[in-house]
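The structure appears right after this line, and notes come after that.
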Amino acid sequence: MSQEEEFLNKLATDLVYRFPPTFDKVEDERRHRKERLAVALRVFGKFGFEEGVAGHITARDPEHTDHFWVNPFGMSFKHIKVSDLILVNHAGQVVQGRYPVNEAAFAIHSQLHQARPDVVAAAHSHSTYGRALSALGQKLAPITQDACAFYEDHGLFDDYTGVVTDLEEGKRIAAALGGSKAVILRNHGLLTVGDSVDAAAWWFVTMERSCQVQLLAQAAGTPVPVEHENAVLTRGQLGNDLVAWVNYQPIADQVVREQPDLFE
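My numbering applies: residue 16 is where the sequence shown begins, and numbers increase by one.
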């Protein structure tokens, strides 16, 4: 090995790469998921994804896997702390925490978590551009590199019947999601899932922005789609939950630095 190769090899081994953490104790993993859930809710608040009391992000409990942590009903995303989060069981009962659960959050998320054991977190809110595209009954088109992450990997729930308050509706939404990372709820908004809170939150952020771009492009003219083969290739490069986790870290880091009280 030449001196140049030795030097480059040393540089490579000294580089710091961030990866999702692993845990030996379930208590540590639970605390981590709750902290990332609080961060994600603050991110949603910062980005204006709130609309009254609508919207929720859930994180499956690592020990009691039929329970999930979620933001309490009626509390602003911008104010939520780790100590505010509530734990809800499979029957919709709050078993830990001081606040009630959003009925729609339980109806939707309980069925998603039940149908998808691989899903750790799910995110839904009434964001502006997600609602706008959902009103057209359209799916995301592969017109940008970022949108290709969702190419043939998101569903459309094409049957709006009012506020989701019953489990059967939640089951139908879970069926529309299928094995995908996201689903557009017609006349309602977006819902994303991931194998971590960070991944689910990133998919929501980038999906919302992709909806905005699609609406702008359609208003300006006729968008040129990425060809099928290249869209599939790009999805393979950008569409997995590890890439989502990595993409999300700069956003999360900014909120953590700005709002350290969220860990209380």
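Yeah, the Cβ is synthetic: ideal placement off N, Cα and C, and Gly gets one too.
The model shown is predicted, which means the values in this text are computed figures rather than measured ones.
_Per-residue burial, Glu-275 [other beta carbons within 10 Å of its own, 16 or more giving buried]_ = Before going on, a small fix: residue 275 reads as Pro here, not Glu. Exposed.
*Whole angstroms is fine: what's the gap from Phe-287's alpha carbon to Arg-250's?*
An answer regarding residue 287 cannot be provided, because it is not within the stretch 16 to 279 covered by the chain.
*Check whether the region 174-189 touches the region 109-129, taking contact to mean three or more Cβ pairs, one atom from each stretch, closer than 8 Å.*
yes
*Using DSSP with H/G/I as helix, E/B as strand and the rest coil, what is Thr-73?*
strand
_Quick check on His-128: does DSSP put it in helix, strand or coil?_
helix
*Ordered along the chain, which non-local residues of its own chain (more than five positions away) have a Cβ less than 6 Å from that of Pro-115?*
Phe-88
*Just the C-alpha distance for His-243 and Met-222, rounded to the nearest angstrom, thanks.*
19 Å
*asked:* Bridge partners for Glu-66 per DSSP, in chain order?
replied: Checking the DSSP bridge columns, you'll see Glu-66 partnered with Ala-69.
_Under the three-state DSSP convention, the category Ser-140 falls into_ = Three-state result, Ser-140: strand.
*Span of the alpha helix (DSSP H) holding Asp-158?*
Looking at the sequence provided, one finds Ile at residue 158 rather than Asp. From DSSP, Ile-158 is part of no alpha helix (DSSP H); its letter is neither H nor E.
*Could you tell me which residues DSSP pairs with Gly-209 in its beta bridges?*
Beta-bridge pairing links Gly-209 to Ala-136.
*asked:* Let's see if you can read the secondary structure: which residues bound the alpha helix (DSSP H) around Val-41?
replied: 41-61
*DSSP-derived helix/strand/coil call for His-203*: DSSP places His-203 in coil when its eight states are reduced to three.
*Can you tell me the Cα-Cα spacing of Cys-226 and Gln-233, whole angstroms?*
11 Å
_Alpha carbon of Leu-253 to alpha carbon of Asp-39, nearest angstrom_ = 29 Å
_Cβ neighbours of Cys-163 in the same chain (closer than 7 Å, five flanking residues each side left out)_ = Counting only residues of its own chain and dropping the five nearest sequence neighbours on each side, Cys-163 has a CB closer than 7 Å to the CB of Pro-157, Val-241, Ala-246, Thr-249, Arg-250, Leu-253.
_Proximity to Val-286 [Cα-Cα], best of Trp-218, Arg-131, Gln-269, Ala-136_ = What the structure shows of the chain is the stretch from 16 to 279, and residue 286 is not part of that stretch, so it cannot be assessed.
*Given Leu-155 as reference, the closest of Thr-143, Gly-112, Gly-170 once Cα atoms are compared*: From the listed residues Thr-143, Gly-112, Gly-170, the smallest Cα separation to Leu-155 is found for Gly-170.
_For Gln-264 and Tyr-175, what's the separation of their Cα atoms in angstroms?_
C-alpha of Gln-264 to C-alpha of Tyr-175: approximately 34 Å in a straight line.
*Using the beta-carbon count (16 or more within 10 Å), is Ala-55 buried or exposed?*
buried
*What number of angstroms, rounded off, separates the C-alpha of Val-179 from the C-alpha of Val-110?*
22 Å
*According to DSSP, what are the bridge partners of Ile-101?*
Val-85
_Beta-ladder partner(s) of Gln-111, from DSSP_ = Leu-102
*Exposed or buried, Phe-34, counting other C-beta atoms within 10 Å across all chains shown (16 or more means buried)?*
exposed
*Could you tell me if Gly-204 is buried or exposed, where buried requires 16 or more neighbouring beta carbons within 10 angstroms of its beta carbon?*
buried
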